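Residue numbers (the UniProt record's numbering): 1 to 170.
Structure (structure tokens):
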């Protein structure tokens, strides 16, 4: 069975608002759900290694990774190293100072990005650049970094994303 593995952002926790809401959608698609807890470290590379360790305990090709902000960075780092079924990232922390060269430079399969035009933490131009390089789906919304105001739309996009993977909800 496929599984969705969530990676939270720098200052949130493993079961924050976005993860709870998207996890409910994943469960409607009969997917197992896991959310990795990174709250003991602020180091994005340690977090990425933790996700890779989690993937080594799974059949990675059947995993769908979802990450927000630093969790988006973590998701992309793992997908760069291990082939996964798909990745859905929200305001991913790519091309940030000190990590400019860490974005995947090979095409990731089944990748979608959501980013807010008014993001004050991660410049929207970073996701535009990455989406262009990846030739993947990019959803831009009139929202800030947290994307809370856009959560109903993000839920619809996540459902459509899962449908495009051939999954069906109850």
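Think of the CB as a built atom: it goes at the ideal place given N, C-alpha and C, for glycine as much as any other residue. In this text the structure is predicted, and so the values were computed from the model without any measurement.
Grouping DSSP H, G and I as helix and E and B as strand, with all else coil, what is residue i?
{"i": "residue 106", "result": "coil"}
{"i": "residue 84", "result": "coil"}
{"i": "residue 68", "result": "strand"}
{"i": "residue 159", "result": "helix"}
Excluding sequence positions up to five away, which residues of its chain have a Cβ less than 6 Å from the Cβ of residue i?
{"i": "residue 29", "result": "162, 167, 169"}
{"i": "residue 113", "result": "89, 127, 131, 138"}
{"i": "residue 141", "result": "116, 150"}
{"i": "residue 122", "result": "91, 93"}
{"i": "residue 38", "result": "47"}
Leaving out the 5 sequence neighbours to the left and right, which residues in its chain are closer than 7 Å to residue i when beta-carbon positions are compared?
{"i": "residue 68", "result": "8, 9, 18, 90, 91"}
{"i": "residue 56", "result": "none"}
{"i": "residue 158", "result": "22, 25, 88"}
Just how far apart, CA to CA, sit residue i and residue j?
{"i": "residue 149", "j": "residue 105", "result": "31 Å"}
{"i": "residue 160", "j": "residue 26", "result": "11 Å"}
{"i": "residue 78", "j": "residue 71", "result": "10 Å"}
{"i": "residue 151", "j": "residue 74", "result": "21 Å"}
{"i": "residue 2", "j": "residue 146", "result": "27 Å"}
{"i": "residue 45", "j": "residue 11", "result": "15 Å"}
{"i": "residue 102", "j": "residue 4", "result": "23 Å"}
{"i": "residue 32", "j": "residue 14", "result": "15 Å"}
Our contact map puts residue i next to residue j with C-beta atoms below 8 Å; I'd like the distance itself, whole angstroms only.
{"i": "residue 84", "j": "residue 64", "result": "7 Å"}
Beta-carbon within less than 8 Å of residue i's beta-carbon, same chain only, minus the 5 sequence neighbours each way: which residues are those?
{"i": "residue 87", "result": "64, 65, 66, 67, 75, 76, 79, 108, 110, 111, 112"}
{"i": "residue 61", "result": "83, 84, 85"}
For the stretch 20 to 52, list the beta strand (DSSP E) runs that are entirely contained and at least 3 residues long, ordered along the chain. Counting only runs of 3 or more, we get 32 to 36.
Whole alpha helix (DSSP H) elements within the stretch 103 to 155, 4-residue minimum: For the alpha helix (DSSP H) assignment, the uninterrupted runs of no fewer than 4 residues enclosed by the stretch 103 to 155 are, from N- to C-terminal side, 124 to 134.
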